[in-house]
Amino acid sequence: MTPTEKDALREFGENLKAAPRRLLETAFRTGPPTTDRSRSTFVFGNVFLHLHAVRTHRWSLKWTTTMGLGIMSVSAFLIALVTGVMLMFYYKPYPEAAYQSIKDIHFVVPTGRLIRNLHRWSANLMVIAVILHMARTFYTAAYRKPREYNWLMGIGLLVVTLGLSFTGYLLPWDQLAYWAITIGANIAQSPREITDALGITDYFDPGGFQRLLLLGSDVVGAEALIRFYLLHVMILPLALAALMGVHFWRIRKDGGMVRPMDADGQLTSDPREETLPVFTEAPAKTYQLAAIVRGRTANVGRGPENTVPSMPHLFYAELGVMMVTLLVCLALSLVSDAPLKELANPNVPENPAKAPWYFLGLQEMVAFSAFMGGIGIPSVVLIGLALIPYLDRETDGTGRWFGGPGGWPLVRLSLVLGLAAPILIESFVIRFGWLREWFPSVPQLVITLLNPGTLLTAFYAFYSIWCIRRYGSTRAGALALFTCFLCGFLVLTVVGTYFRGPNWVFYWSPSEWPKH
Amino acid sequence: MTTQAKAPRSRLDPDPVPRRDWLGLSSLWAMSGALVFGLLGLLKLPKAAVLASPSKKFKVTLPEALPVGEAFVPPGRAVAIYRDSDGIYAVSTICTHLGCVVKPNAEGFECPCHGSRFASNGDVTKGPAPRALPWLKVSAGGGAVTVDEGVVVPQGTKVA
């Protein structure tokens, strides 16, 4: 062998030996995150992490700032995504075959039951987390400038999340699913309540069109199932992913988590080296400047005090929330199985036919008027939510829990009124009935406009307007209205879930339901 | 007409649309128009020309002994058929509220989903249902009756 051949071989051997180390180096180009600089590059050199700023304000890391609810929603979504893809291996979107395949997943497929349970529990947890996340954002007034648009993205995410849950509900094709979707599709058709009353359904029928669009047929059948399947596994997840991308990106562009003007003053001084001004280190570029994004006050010359590197502080916190979410889902999945009733039977409705729990408040309202309860009031609520950041242009209380004029005492009063009003009106209706029982020939339009649901909404609206006048502040009105609607949602959901039995009759407990 | 040397224009002070830009813009608009037009056509996609629904017309033989006021519900159909001295009539048992199947009883019908009640002629007596249960077209002949769920007839129409 000539010397050059020997050298080449030796070099080959060394390269081979170094390959794993070099692979790591090329994947994580900036080395272990041990210095301020490498911690910064760790964040913005990584496509998944660079949605975060390289440094995080200590206020954002306080437990009470966010309670981790946003990350919890994402974690639940990720669990649902992974388990959902696994379920798709066995699920067949065709009537009867669908039911059998869910049965197979539940009883035959190894770990199938756990995966199905995880999917169901993570979906439920996601709905809860998203609603709580919205409440947190509202009560800390985090929707205010410059975060108005991100609040809208959040509302979009709420709608898509509920849509995903609803479309997933049909897929097992059991009695519960079939009749919940029959009711849902007829809610889509409920504008007919108005057009029928006006006698124009033959010429203008948006309700019938919506139902046809959803079901692809006159009845809930194979066409409806494939449409719901397509929505559930493709269209809505893509919409959710797109909205999530914008949502996360805007968090950073809007200056990170909301915090009060005097946040720095409120934080006790932390002697940790990481929070000290960081302009002193060797690297010529101060990457930390990337952390300063559109703050309310000029940060020029002050340095990013009170911030800590996102790696590890923020990421470890997020990882912790993700692990807790997974743990909760796993624990629930191990103790409680996803339900599966008997095969769907289009001739005999499930009695009572109940939608998923988070729609039972709506179902309670559609039991007064299909259009108002299913479309009218939800639309008003969504539009109202979307308008909040554009109507409340105040600055008082931003970043503080229950911040703003009125504050916690106002929220407390709204809690009492918001809970009492639906309980009273429900008790009245359960005891005395409503217009149709008193005057059987009353025109439907009157009931559509004047029913317990619309009266409750009107009461909340007037109370909120009174609060705007009383405190001279839109924020006070928003605090009142939002609290009231959370209470109304809670009361109606509880009534629908626990106190409604066969024929939607009120029962104190399911043990009183008539046997048949 | 004398030509004058034009003052140099800044980019912030645009020309009237030059020919080249006009061509570009007009083709852009033409393309957008074509796309919108095509999409409008595609809007028909979710609505099949023939719906995959079961036939709404069916033939059934009533039992010989059907007491007056008692409903006969053909298996697999959401229709209640009655016979009295005036003739035969059929009432739809699909709730006008949210489409559950109502159950005939002594007083009329009751809906399991949201508690609507109907009188025996289909009129709403209680609950959220916005309209009376529709009466359906019945034609009798040759010992069997034919019911067409697609055709609604006025309340009180009976076929001898």
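So the sequences go chain by chain: A and B. Okay, so the first sequence: first residue is 27 according to the working numbering, each after it adds one. Okay, so the second sequence: first residue is 103 according to the working numbering, each after it adds one. Heads up, the beta-carbon is just placed ideally off N, CA and C, and yes, glycines get one too. Computed from a predicted model, the values in this text were never measured in an experiment.
Distance between residue j and residue i (C-alpha atoms, nearest Å)
i      : j      : result
A:T523 : A:W383 : 6 Å
A:G498 : A:K88  : 32 Å
A:I209 : A:E538 : 25 Å
B:F174 : A:E463 : 28 Å
A:A540 : A:I491 : One point to set straight first is that residue 540 of chain A is Pro, not Ala, in the sequence displayed. Their Cα atoms are separated by approximately 45 Å.
A:L340 : A:T82  : 7 Å
A:G615 : A:P119 : Coverage of chain A is limited to positions 27 through 542, which leaves residue 615 of chain A absent and any answer about it impossible.
A:I181 : A:L352 : 25 Å
A:V135 : A:V392 : 39 Å
A:C493 : A:P286 : 24 Å
A:V111 : A:I105 : 10 Å
B:A241 : B:G217 : The question names Ala, yet the displayed sequence has Ser at residue 241 of chain B. The straight-line gap from Cα to Cα measures roughly 32 Å.
A:I403 : A:F385 : 13 Å
A:T92  : A:S86  : 7 Å
A:H273 : A:G96  : 11 Å
A:L475 : A:G291 : 52 Å
B:G143 : A:I226 : 26 Å
A:W199 : B:N223 : 34 Å
A:A289 : A:T500 : 24 Å
A:F201 : A:F70  : It should be pointed out that residue 201 of chain A corresponds to Gln in this sequence rather than to Phe. Approximately 50 Å between the Cα atoms of the pair.
A:A381 : A:T60  : 52 Å
A:S243 : A:D231 : 16 Å
B:D188 : B:G258 : 10 Å
A:V326 : A:N332 : Caution applies to A:V326, whose pLDDT of 48 falls short of 50 and renders its modelled position unreliable; the model cannot decide the point.
A:G234 : B:S155 : 15 Å
A:P335 : A:G281 : 16 Å
B:R185 : B:P169 : 7 Å
A:A316 : A:F38  : Here A:A316 scores only 49 on pLDDT, less than 50, and its place in the model should not be relied on; the value that follows carries that caveat. Computed Cα separation, rounded: 42 Å.
A:D130 : A:S359 : 18 Å
A:D265 : A:S467 : Looking at the sequence provided, one finds Ala at residue 265 of chain A rather than Asp. The alpha-carbon atoms of A:A265 and A:S467 are separated by roughly 46 Å.
B:F160 : B:P148 : 28 Å
Sheet register partners of residue i (DSSP bridge)
i      : result
A:T333 : A:H83
B:T82  : The structure shown does not extend to residue 82 of chain B, since chain B spans only 103 to 262, so no value can be given for it.
A:L140 : Note: A:L140 sits in no beta bridge, so no partner.
B:K205 : B:E212
B:A192 : B:I183, B:L238
B:F174 : B:I183
B:R219 : B:E212, B:K228
A:D200 : A:L369
A:R173 : According to DSSP, which records beta bridges pairwise, A:R173 is partnered with nothing at all.
A:F532 : A:R526
B:V254 : B:L238
B:V261 : B:I190
Nearest-angstrom beta carbon gap, residue j and residue i [assumed within contact, 8 Å]
i      : j      : result
A:A167 : A:G430 : 6 Å
A:E390 : A:W205 : So it is not a contact: roughly 16 Å between Cβ atoms.
B:A180 : B:V249 : Rounded, the Cβ-Cβ distance is 11 Å, inconsistent with contact.
A:V80  : A:S101 : Wrong, their Cβ atoms sit about 23 Å apart, outside the cutoff.
A:F532 : A:I456 : 5 Å
A:S99  : A:A155 : 4 Å
Three or more C-beta pairs below 8 Å linking the segment 183 to 201 of chain A and the segment 241 to 260 of chain A: yes
Cβ contact (3+ pairs, closer than 8 Å) linking the segment 403 to 420 of chain A and the segment 116 to 132 of chain B: no
Contact residues within the segment 450 to 470 of chain A, judged by C-beta distance below 8 Å to chain B: G459, R462, E463, P466, Q470
Segment contact flag, the segment 199 to 206 of chain B with the segment 207 to 222 of chain A, C-beta cutoff 8 Å, min 3 pairs: yes
Against chain A: residues of the segment 153 to 181 of chain B by CB proximity under 9 Å: L153, A154, S155, P156, K158, V175, P177, G178, R179, A180
Stretch pair the segment 245 to 257 of chain B + the segment 157 to 171 of chain B: three plus CB contacts closer than 8 Å: The answer is yes - the segment 157 to 171 of chain B touches the segment 245 to 257 of chain B, with three or more Cβ pairs under 8 Å.
Inter-stretch contact at 8 Å, needing at least 3 Cβ pairs: the segment 440 to 458 of chain A / the segment 482 to 491 of chain A: yes
At least 3 beta-carbon pairs within less than 8 Å: the segment 395 to 402 of chain A vs the segment 137 to 147 of chain A: Segments in contact, no.
Interface residues of the segment 123 to 152 of chain B facing chain A [CB-CB below 7 Å]: P148, K149, A150
Segment contact flag, the segment 437 to 445 of chain A with the segment 496 to 512 of chain A, C-beta cutoff 8 Å, min 3 pairs: yes
Any 3 or more C-beta pairs closer than 8 Å across the segment 462 to 476 of chain A and the segment 523 to 537 of chain A: no
The segment 227 to 237 of chain B / the segment 251 to 260 of chain B touching (three or more Cβ pairs under 8 Å): yes
Interfacial residues, the segment 222 to 233 of chain B to chain A, with Cβ spacing under 9 Å: D225, V226, T227, K228, G229, P230, A231, P232, R233
Cβ-based contacts, 7 Å cut-off: residues of the segment 507 to 541 of chain A near chain B: Contacts with chain B (Cβ-Cβ distance below 7 Å) from the segment 507 to 541 of chain A involve P528, N529, W530, V531, listed in chain order.
The segment 190 to 201 of chain B: positions lying closer than 8 Å to chain A by Cβ: Taking 8 Å as the cut-off between beta carbons, the residues of the segment 190 to 201 of chain B near chain A are H199, L200, G201, in sequence order.
Members of the segment 59 to 73 of chain A near chain B, C-beta cut-off 8 Å: none
Chain B contacts made by the segment 176 to 205 of chain A, where a contact means CB separation under 9 Å: Among the residues of the segment 176 to 205 of chain A, those with a Cβ less than 9 Å away from any Cβ of chain B are W205, in the order of the chain.
Contact set between the segment 365 to 376 of chain A and chain B, restricted to residues whose Cβ is under 9 Å from the partner: P372, N373, V374, P375, E376
Members of the segment 104 to 127 of chain A that neighbour chain B once the beta carbon cut-off is set at 7 Å: none
Residues within the segment 236 to 250 of chain B neighbouring chain A, beta-carbon criterion of under 9 Å: none
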